[in-house]
Amino acid sequence: MRFSWLANVRQRMRTRRQRRWTRRRRPIRPIRPQVEVCEDRTLLSVNVSFFAGTGELLIVATSGEDVAVGADASFNVQITINGAVYSDFPPIQTSLVNELRIEAGDGDNVLDVSGVTSAAGYPAGLAIEVNGGHGNDTLTGSADFAAVLNAGHGDDSILSTDASDTVYAGDGDDTVVGG
Numbered sequence: 180m181r182f183s184w185l186a187n188v189r190q191r192m193r194t195r196r197q198r199r200w201t202r203r204r205r206p207i208r209p210i211r212p213q214v215e216v217c218e219d220r221t222l223l224s225v226n227v228s229f230f231a232g233t234g235e236l237l238i239v240a241t242s243g244e245d246v247a248v249g250a251d252a253s254f255n256v257q258i259t260i261n262g263a264v265y266s267d268f269p270p271i272q273t274s275l276v277n278e279l280r281i282e283a284g285d286g287d288n289v290l291d292v293s294g295v296t297s298a299a300g301y302p303a304g305l306a307i308e309v310n311g312g313h314g315n316d317t318l319t320g321s322a323d324f325a326a327v328l329n330a331g332h333g334d335d336s337i338l339s340t341d342a343s344d345t346v347y348a349g350d351g352d353d354t355v356v357g358g
């Protein structure tokens, strides 16, 4: 019998297609899930912003932090969070700060602005506002500048060291000491 040359070409093309498919197939390997244990880390949940146009220093703490504001030996703003100096922002001269605002979230916060003094280089007329949020907060004002101290809800302790301070104790079993 005679075979057509065209049938022969078709047969070769079919075998090549089949070979290509078999070459591309790879065996499926089972994947074993792995879990890696990472080290414990403590992340500071505080955000510090300085607005040069208005001179506002804004400190936002999410929950349960101890925040203290003062000045270093070079008259730069020094912020201490949970006992450690916060250094994630460039040096800011205390004389450039016209308004200091601390906003704390839920949780037991210790917010201290007793280091904000005229001897530390902070300007006259500095406006201070401290908001403790919900939780059992401890707020300490500045001896040299009038402050608005708002403790929020919770069993709070407020130490007002300036006669011009405005104190909002909020709901709860609060202790307020005025100076």
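Position one of the sequence shown corresponds to residue 180 (this note's numbering), numbered consecutively onward. Every residue gets a Cβ at the ideal spot worked out from N, C-alpha and C, and that includes glycine.
Cross-strand partners of residue i (DSSP beta bridge)
i	result
Arg280	Leu237 and Glu308
Asp291	Ala247 and Thr319
Phe230	Glu235
Asn187	According to DSSP, Asn187 bridges with nothing at all.
Gly357	Ser339
Ala326	Ile307
Start-to-end residues for the beta strand (DSSP E) that takes in residue i
i	result
Gly320	It is not in any beta strand (DSSP E) - Gly320 carries neither H nor E in the DSSP assignment.
Ile258	Val256 to Ile260
Leu275	From DSSP, Leu275 is part of no beta strand (DSSP E); its letter is neither H nor E.
Ile337	Ser336 to Ser339
Val216	Taken as a continuous stretch (DSSP letters only), Val216 belongs to no beta strand (DSSP E), as it is neither H nor E.
Thr345	Thr345 to Tyr347
Tyr265	Ala263 to Tyr265
Between the CA atoms of residue j and residue i - distance to the nearest angstrom
i	j	result
Ile281	Ile210	50 angstroms
Gly331	Thr354	13 angstroms
Gly311	Val346	12 angstroms
Ile337	Glu308	13 angstroms
Leu318	Val216	39 angstroms
Ile207	Trp184	40 angstroms
Ala263	Ser224	13 angstroms
Val356	Phe324	16 angstroms
Gly232	Tyr265	22 angstroms
Ala298	Ala348	29 angstroms
Gly333	Ser242	14 angstroms
Leu279	Ser253	19 angstroms
Residue j beta carbon less than 8 angstroms from that of residue i
i	j	result
Leu290	Val227	no
Asn255	Ile238	no
Gly314	Asp285	yes
Ala250	Asn277	no
Gly358	Asp335	no
Thr273	Gly294	no
Glu244	Ala283	yes
Leu328	Asp344	yes
Cβ distance (whole Å) where residue i is taken to contact residue j below 8 angstroms
i	j	result
Ala326	Val292	6 angstroms
Asn288	Asp316	5 angstroms
Ile258	Val248	6 angstroms
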